[in-house]
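All remarks here apply to the structure that follows.
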Amino acid sequence: MDLKFASIYYSQQGQILETTEIGSHHISLREWSDEVKRLARERDAIILAHNYQRPEIQDVADHVGDSLALSRIAAQSSASTIVFAGVYFMAETAKILAPERTVLIPEPRAGCSLADSIDADQLREWKSQHPGAVVVAYVNTSAEVKAESDLCCTSANAVEIVAGIPSDQEVLFLPDQFLGAHVQRATKRENMHIWMGECHVHAGISPQDLRRKAAAAPESELFIHPECGCATPALWLSGTDDLPAERTHVLSTGGMLERARTTRARSVLVATETGMLHQLRKANPSVQWEPVNAKAECVYMKMTTPEVLLRCLRDGTTEVEVDAEIATRARRAVEAMIAVGASSLGGE
Ligand code: SF4
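In my numbering, each number is its position in the sequence shown, counted from 1, plus 294.
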C-alpha cells in the first residue's frame, strides 16, 4: 500500500478534524490503522509509542508511555520485533535491553538535542578529571555514553539513584543541567558535578512562561512531567516559591493520567511536550488542558508520521544495531535504572 499523509489537523480537544493526503491512494485513518495493525501481526511486532508522538501514532500503538515505562515493556515483551516510535536513544535502549529481538525505529533521523550534548570522548575526558567518581547518566544519552556510565536514571528516579550512592563518593551527573540542579538540591550533595547540557528544542518552556501562566490562571493546577529534558527546568522551579506547592504536581506519566481522571480542577496547565496533552484530553475531556507553551514541540518526535510508521512495518526499516560490547557495558547501567523507583511510577 502506498500512501502519504501531508498533514493531519486536530482540534483543541485532540479530535481529528480533517486529513489531507497526497500521492495516488486515498485512505482513511481507520484503514491506515487497520493496515498498521495487520502488518504488525504479520511481523510479530509490538508497537511502542512515546507520549510525545503524534496523536495518531499514539492511538495505533500497543503501549504509550515515557521512556522508562517503554524500556520496561521492551525488556519484558515476548514479541520478536519491537517497533519503537520515539527518538533514537530510546530505540537503542530497547535494543540494549532486548538484544535478541529485532528493534525497528520508523525514523532513524529522530535524534535528541539533549543526548547530543555529550559524547563518549567528552565523558571519558571528564572522568579522567575525577577518578573514582560515580557516573550517573540520564536516559537521554547514546549507547556509547551509557556504556561509560555506572548508573542510568530517569527524571523520576534520579534523586533516588543519586541518594543511594555513598556520600563520600564524587558523582558526575549528565547531561541535563536542570535535572542535575534538582537532584543536587534534593540530595543536598556537595560532591556532585553537573554537565551543562540541555534540551534546546524545549528551551521554550522557560521559568518566565511558568511564572506568567501560573499567575494568570490562579485556579489552574499545574502538572509537570519530569520524564523528558523539556520539563526539567520546570522540575527545578517547582521547589521554589514561584510555583505554589498546593497547585503544582510533579508527576510521572502514569501519575499524571491518574490525577487527570480524579482532579477537580476545571483547568490544568501542562509543562511538558505538547504530545502529552493527547493522553490527558482522552483521560478527562471535561478539563481544559492548556500547554504552558504551545510551541513546545519536539521536532524529532514528530518525525514519525503515519506514512513513516507504515513503511517501517511494511519494509522492516530501520533496524537498530548496538555493538555487542557496548551493549553489554551499557546494560548494567540501564538495568540499574529500570530496577529503581518501580513503585513510584505509573507506567503508561
Ligand atoms: S523533547 Fe528534548 S529531550 Fe525530549 S527527545 Fe526531544 S530533544 Fe530530546
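The C-beta atom is built at its ideal place from N, Cα and C for all residues, glycine as well.
Bear in mind the structure is a predicted one, so any value in this text is a computation, not a measurement.
Out of the options, state which residue places its alpha-carbon closest to the alpha-carbon of residue i.
i	options	result
T622	S372, P512, P393	P393
V586	Y594, A577, E567, C592	E567
V564	I632, I499, P425, G610	I499
H673	P425, V562, E336, A379	Residue 673 lies beyond the range of the chain shown here (295 to 642); nothing can be said about it.
Q423	S461, V465, I459	V465
E513	A334, A373, V581	V581
E515	T396, E419, W583	W583
K589	Y382, R555, L571	L571
A509	P538, G491, I518	P538
I620	E552, A414, P501, R505	A414
A511	I518, D353, G491, R541	R541
G428	N345, H487, Q416, E492	Correcting the residue identity first, residue 428 is Val in this sequence and not Gly. Ranking N345, H487, Q416, E492 by Cα distance to V428 puts H487 first.
R483	S461, R335, I341	S461
C493	A409, Q352, L417, G426	A409
R575	R558, A559, L551	L551
T612	R560, A404, S561, A373	A404
R560	R608, E419, P579	P579
A339	A480, F472, T396, R558	T396
S449	L473, Q463, T435, G426	L473
V354	Q370, L342, R625, R418	L342
D406	R332, W420, T435, K421	The displayed chain sequence assigns Cys, not Asp, to residue 406. Measuring from the Cα of C406, the nearest candidate turns out to be T435.
G491	A369, Q352, L417	L417
D328	R608, Y594, H519, N485	R608
E629	M595, S365, T557, T481	S365
V614	I367, A363, V593, L398	L398
L545	A624, F517, T557, A334	F517
V593	T557, Y382, W420	Y382
G426	G610, K507, N485	N485
Within a Cβ cutoff of 6 Å, which residues of the same chain sit near residue i, ignoring the five residues on either side of it in sequence?
i	result
E401	M597, T598, V602
L468	I412, A431, W489
W326	P600
R337	T375
V477	A452, V453, V456
S361	M384, V433
H344	G380
E591	T568
A368	I376, A388, L391, A392
Spatial neighbours of residue i within its chain, please: C-beta separation below 7 Å, excluding the five flanking residues on both sides.
i	result
V616	E386, K389, I390, A437
K627	The displayed chain sequence assigns Ala, not Lys, to residue 627. Answer for A627: A431, K440, S443, D444, L445, C446, listed in chain order.
D503	V586, N587
A624	I390, A437, K440, A441
L333	L607, R608
K507	L563, V586
G523	Its pLDDT being 48, under 50, G523 is placed unreliably in this model, and the value from its coordinates should be taken loosely. Taken in chain order, the residues that qualify are L408, N434, D470, E492, C493, H496.
Given the structure, does residue i come close to the ligand NAD, in the sense that its CB is under 7 Å from one of the ligand's heavy atoms?
i	result
C406	Among the ligands in the structure shown, the ligand NAD does not appear; only the ligand SF4 can be found there.
Counting C-beta neighbours from all protein chains within 10 Å, is the total for residue i 16 or more, i.e. buried, or is it exposed?
i	result
R605	buried
G458	exposed
R348	buried
A618	exposed
Q463	exposed
M631	buried
G359	buried
E350	buried
S322	exposed
S371	buried
Excluding the five sequence neighbours on either side, which residues of its own chain have a C-beta within less than 8 Å of the C-beta of residue i, listed in chain order?
i	result
V634	C447, N451, E454, I455, G458
A577	L551, A554, R555
K331	V354
Could you tell me whether the Cβ of residue i comes closer than 8 Å to any Cβ of chain C?
i	result
A475	Looking for chain C here will not work: only one protein chain is present.
Within the segment 328-399, ranges of the beta strand (DSSP E) (whole runs, at least 3 residues): Within the segment 328-399, the complete beta strand (DSSP E) runs of at least 3 residues are 339-344, 357-359, 375-379, 396-398.
Alpha helix (DSSP H) segments (min. 4 residues) lying fully within the segment 543-624: If we require 4 residues or more, the alpha helix (DSSP H) runs fully inside the segment 543-624 come out as 547-556, 570-577, 600-609.
Unbroken stretches of the alpha helix (DSSP H), 4 residues or longer, contained in the segment 442-506: 452-457, 471-481
Segments of 3+ residues assigned as beta strand (DSSP E) that fall wholly inside the segment 402-436: 428-432
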